[in-house]
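Notes to accompany the following structure.
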Amino acid sequence: MNLIRSLWSRQISLVILFILLNFSFWKVDYSFIKPKEIPSDIEINRKYCDADECKFMLMYHVVEQETQSNRHFISFIQIAELLGRIMVLTNVGQSGISSLKDFPFDFYYDVDELSKKFPKVKFISQHKFQQWTEERFNKPDIIHILLENSKSNPKYIVKHNTEYFDRLLCEYRMDKFDLKLNNSAIFKQISIGRNARDSKKGKKDDRLKQFLATELESNAEVMLITHDVIRGPIFERLTPIPYASHITKAVSNLVEKLKPYIAIHWRMEEGQVNLMPQCAENLVAYLKNLSLKTGITNIYLATDYPLVKHKNNKAQSHTFDNIGIKHHTAMKILTSSFNVNTWVSTRMLNYLQSYPVKRDLLQDELGGSGIQGIFDKLVLTNAGYFIAGPQKCCRFSSTYTYTIMEARQELFKNNETIKNIIDRWQL
70 MNLIRSLWSR
80 QISLVILFIL
90 LNFSFWKVDY
100 SFIKPKEIPS
110 DIEINRKYCD
120 ADECKFMLMY
130 HVVEQETQSN
140 RHFISFIQIA
150 ELLGRIMVLT
160 NVGQSGISSL
170 KDFPFDFYYD
180 VDELSKKFPK
190 VKFISQHKFQ
200 QWTEERFNKP
210 DIIHILLENS
220 KSNPKYIVKH
230 NTEYFDRLLC
240 EYRMDKFDLK
250 LNNSAIFKQI
260 SIGRNARDSK
270 KGKKDDRLKQ
280 FLATELESNA
290 EVMLITHDVI
300 RGPIFERLTP
310 IPYASHITKA
320 VSNLVEKLKP
330 YIAIHWRMEE
340 GQVNLMPQCA
350 ENLVAYLKNL
360 SLKTGITNIY
370 LATDYPLVKH
380 KNNKAQSHTF
390 DNIGIKHHTA
400 MKILTSSFNV
410 NTWVSTRMLN
420 YLQSYPVKRD
430 LLQDELGGSG
440 IQGIFDKLVL
450 TNAGYFIAGP
460 QKCCRFSSTY
470 TYTIMEARQE
480 LFKNNETIKN
490 IIDRWQL
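If you read the sequence shown in this note's numbering, its first letter stands for residue 70, the second for the next number, and so on.
Below, the structure is given as structure tokens:
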């Protein structure tokens, strides 16, 4: 009996062995445990910049608010073009351009139109640039450049220093990018003479271009660059970066709804506080007269006065923080006399609630100086009449106002709906 059992067990074992040897679906595939092949740095470079070697320029913090930041950023795109570097499209938010901001560049600006404006320059988003630094095995080396005016000294000056290293990490959190932030980094501080002191000017300067082309020549894969005390264009002045189509579409919708309309820009900051109620009364008298003369009743107001009530009187400009009873009285005088339209009352920016970003970030953007400043600027530009404040009632002169005036001068030539460039009510 034991012999029969033994033979039977042996036959079963042979059958099982035959099945395992002859049927492929029983075979075990051990390939899944093989280590994944890691792409080389050259392959990663090709993925992000279509070349074996990448050379990027990151203008990581632009001084000043959006209207000025827009023009400054153009100057640095011109430098990227001069050096043949790929320009990183730095993040935006709260009326500025900085790697610390929360929104991609195309939240404010039209990247396709920008590429047409600079056909020789390649662009990459900050997000993709950051991915490139993270995927690289050998971390990219850097050169850091600080450009500044030398005020009274017309000569070009170059200093080598390391004073920015701590600021890069602590203030600008540059360690978010996986760069070689160590003693191998090169730091240069370059004074460019007395150029670019006036925000309304700019000139073609071949000597400066040649100087910068020489001083900024570097094999470093990443050029981190910023500036200080440069108020205007470094080179020839170009038109501003075009705004994102979602903004211009919202503006067009409101313009069609309101026109004809009178647009007021009242930046209360720097106005004499005790005069605010009188300024408002004179504005009301001016508007009543203009409305009677033209038959226009629609009024749009762009202001740094806080329009979002739940933000504890937070102004539409981050530099305006002394808001008091006189400001509130002035606004009541105006709004009780006319049905005043604003970006808040028209709800034309409500579509942003569906923007793919955390709700609190969007509320912060709309609760202070932010995308609504761009929206206001374009609505003011397209108004039939553009009215600004007199001295003592407001900040009288600003790049924001000047930019609107420039745009209106162009529209005035061929657009019959534009009735003036700018007028001011009297105090």
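Glycine included, every Cβ here is placed at the ideal spot set by N, Cα and C.
Small disclaimer: the values here were computed from a predicted structure and weren't measured.
The three-state reading of DSSP puts F256 in strand, counting E and B together. Between the alpha carbons of A289 and C118 lies a distance of about 15 Å.
In the three-state DSSP reduction, Y471 falls in the helix class (H, G or I).
Listed in chain order, the non-local C-beta contacts of D121 below 8 Å within the same chain comprise I111, N114 and R115, local neighbours out to five positions each way being set aside.
Fewer than three beta-carbon pairs drawn from the segment 331-342 and the segment 294-306 are found closer than 8 Å, and the two stretches are therefore not classed as touching.
By the neighbour-count criterion, in which 16 or more other beta carbons inside 10 Å mark a residue as buried, S164 falls on the buried side. Under a 10 Å Cβ-count criterion, Q441 is classified as buried, with 16 or more other Cβ atoms of the shown protein chains found around its own Cβ. Contact between F142 and V131 is confirmed by a C-beta separation of about 6 Å, below the 8 Å threshold.
According to the DSSP assignment, E284 belongs to the alpha helix (DSSP H) that extends over D275 to E284. In the structure shown, T295 adopts extended strand secondary structure according to DSSP, grouped into three states. Closest in C-alpha terms to A371, from the list K446, L480 and N419, comes K446. DSSP places Y225 outside any alpha helix (DSSP H); the residue lies instead in the beta strand (DSSP E), whose first and last residues are Y225 to H229. Pairing F125 with I155 gives a Cβ-Cβ distance under 8 Å. In the DSSP annotation of this structure, the continuous segment of the alpha helix (DSSP H) that includes T136 starts and ends at E135 to L152. Looking at the DSSP output, D373 sits in no beta bridge, so it has no partner there.
V448: member of the alpha helix (DSSP H) spanning I440 to T450, first to last residue.
CA-to-CA, the gap between E240 and S167 works out to about 12 Å. Residue environment for A399: buried (at least 16 other C-beta atoms within 10 angstroms of its C-beta).
With a beta-carbon spacing of about 7 Å, A452 and Y369 fall inside the 8 Å limit used to define contacts.
With respect to the 8 Å criterion, N367 and Q495 are not classified as neighbours on the basis of their beta carbons. Taking 8 Å as the cut-off, the Cβ atoms of I491 and A457 count as close.
Assigned with DSSP and collapsed to three states, N322 falls in helix. Comparing alpha-carbon positions, the option among S423, L237, I331 and C348 lying closest to L361 turns out to be I331. Residue range Y454 to A457 is occupied by the beta strand (DSSP E) that includes F455.
In the displayed model, M128 falls within a strand according to three-state DSSP. Scanning L216, S144 and L152 for the CA closest to the CA of A282 turns up L152.
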